[in-house]
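**Q** According to the working numbering, the sequence shown holds residues 4 to 367 in order. Note that beta-carbon positions come from the ideal geometry of N, C-alpha and C, so glycine has one too. Computed from a predicted structure; not experimentally measured.
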Amino acid sequence: MALRLPPLPALRDFIHMYRLRAKKILSQNYLMDMNITRKIAKQAKVKENDWVVEIGPGPGGITRAILEAGASRLDVVEIDNRFIPPLQHLAEAAGSRMFIHHEDALRTEIGDIWKNEPNRPSSVDWHSPNLPAMHVIGNLPFNIASPLIIKYLRDMSYQRGIWQYGRVPLTLTFQLEVAKRLCSPIACDTRSRISIMAQYVTEPKMVFQISGSCFVPRPQVDVGVVRFVPRKTPLVKTSFEVLEKLCRQVFHYRQKYVEKGLKTLYPPELENELADELFKKCRVDPTTTSIRLGIEQFADLAEGYNEQCIRHPGLFLYDYTNKQHNLENLSKEPNALPPPVPVFQSSSTETEDNEWSLKNFNIS
4 MALRLPPLPA LRDFIHMYRL RAKKILSQNY LMDMNITRKI AKQAKVKEND WVVEIGPGPG
64 GITRAILEAG ASRLDVVEID NRFIPPLQHL AEAAGSRMFI HHEDALRTEI GDIWKNEPNR
124 PSSVDWHSPN LPAMHVIGNL PFNIASPLII KYLRDMSYQR GIWQYGRVPL TLTFQLEVAK
184 RLCSPIACDT RSRISIMAQY VTEPKMVFQI SGSCFVPRPQ VDVGVVRFVP RKTPLVKTSF
244 EVLEKLCRQV FHYRQKYVEK GLKTLYPPEL ENELADELFK KCRVDPTTTS IRLGIEQFAD
304 LAEGYNEQCI RHPGLFLYDY TNKQHNLENL SKEPNALPPP VPVFQSSSTE TEDNEWSLKN
364 FNIS
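(1) Is it the case that the Cβ atoms of residue 210 and residue 140 are separated by a distance below 8 Å?
(2) Please tell me whether residue 104 and residue 49 are closer than 8 Å, where the distance is taken between their beta carbons.
(3) Apart from the five residues on each side of it in sequence, which residues of its chain come closer than 8 Å, Cβ to Cβ, to residue 7?
(4) Pick from 190, 133, 182 and 120: whose alpha carbon is nearest that of residue 143?
(5) So is residue 78 buried or exposed if we call it buried at 16+ other beta carbons inside 10 Å?
(6) Would residue 383 pass as a contact of residue 113 if the rule is Cβ separation under 8 Å?
(7) If the criterion is Cβ atoms closer than 8 Å, does the pair residue 40 and residue 80 meet it?
(8) Could you check how far apart the C-beta atoms of residue 34 and residue 285 are, in whole angstroms? I think they sit under 8 Å.
(9) In terms of DSSP beta bridges, what is residue 209 paired with?
(10) Between which two residues does the alpha helix (DSSP H) containing residue 180 stretch?
(11) Taking DSSP as the reference, what is the three-state secondary structure of residue 56?
(12) Could you spell out the range, first to last residue, of the beta strand (DSSP E) harbouring residue 141?
(13) Is the beta carbon of residue 102 closer than 8 Å to that of residue 60?
(14) Under 6 Å Cβ to Cβ from residue 82, same chain only, skipping five residues before and after it: list those, please.
(15) Would you mind reading off the limits of the alpha helix (DSSP H) that contains residue 298?
(16) Would you check if the distance between the CB atom of residue 32 and the CB atom of residue 220 is smaller than 8 Å?
(17) Tell me the rounded alpha-carbon separation between residue 336 and residue 189.
(18) To the nearest angstrom, report how far apart residue 318 and residue 269 are at their CA atoms.
(19) Report whether the distance from the Cβ of residue 178 to the nearest heavy atom of the ligand COA is below 7 Å.
(20) Once the 5 residues before and after residue 124 are set aside, which same chain residues still bring their CB inside 7 Å of it?
(21) Can you list the alpha helix (DSSP H) stretches of 4 or more residues lying completely in the region 47–118, in chain order?
(22) Rounding to the nearest angstrom, what Cα-Cα distance links residue 76 and residue 156 in this structure?
(23) When the cut-off is 8 Å and only beta carbons count, does residue 131 lie next to chain E?
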């Protein structure tokens, strides 16, 4: 049976009691309807005795719902010091279940929060069908949502941070347009760089939408709640950084042929040779557009580009907007080669054939 909270002031009264006003500069919008905050906790699949990290709790609407769901430990990360007193009020009501971290979520390593906790739920093998009894949940300010999800997706790809404990699911809010991009299928106008980055390492699903009228102050857009479950095996066998760079350039010219964006990966003297080589090897039509490329094609392009970066030291560092860049100088930089492809141990024979290996790219 879920642990009950003692009687608390209504959320609107709570905000009035502590004289809280949303700051436009921080893109703050309070979610006032407790039915919706409870729905977020339910869709996140928080169960009794689970451990949760909540990002940006604000006045504590979702915080209450997580505690009501029976989480045995809740750590909240909040940068705005105005919210610390009302959160302390909730922490006192929750007994010893809630802990407050007055920090910037973009600079906080959430994996370290539970690092030395002896009663932490057991880690779960990455290839197990089961997920750890842990969650990351947040109603994110719009101005940090995109950089924060990129940070978390990168950490997932390396199985580091909180993902050292297994395939910990994420449930986060985004502007509806961003939520649609994260979950966008092939050949859809909402497909973008972040679609590929999210879908190669997770299975994102928009679990429901929230009308802007449910927030105070009301934003000009509606909101989508997205749940991310990390994949057992990522769909692209390169480092996160290589795929991200390729996607950034390919989607830079969304309405143009994919060839135009791809060629910006190379210095002028090599662009035709290396772009043609990559298209032929991957059997990708250079006159298609970026939104019509599937994950499999992005995987082929990224893996081929990774090989080219190893063959031509400095190519990974090349930035076509920097007119001073040339491969001769870039090749002398300490990070002239792309980041190594992650290698993980697997206890499952099913994944042995798919296990990533630096040997495939002739790196000693």
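**A** So, from the data block:
(1) no
(2) no
(3) 71
(4) 182
(5) Result: buried.
(6) There is no way to answer for residue 383, as the model of the chain reaches only from 4 to 367.
(7) no
(8) 44 Å between Cβ atoms; not a contact.
(9) 229
(10) 179–185
(11) strand
(12) 137–141
(13) no
(14) 107
(15) Note, residue 298: alpha helix (DSSP H), 298–314.
(16) Taking 8 Å as the cut-off, the Cβ atoms of residue 32 and residue 220 count as close.
(17) 37 Å
(18) 7 Å
(19) Only the bare structure without any ligand can be found here, which leaves the ligand COA out of the picture.
(20) If we look at residue 124 and ignore the five residues flanking it on each side, its Cβ neighbours are 54, 135, 136 and 137.
(21) 64–71 and 87–96
(22) 24 Å
(23) Absent from the structure is chain E; it holds one protein chain and no more.
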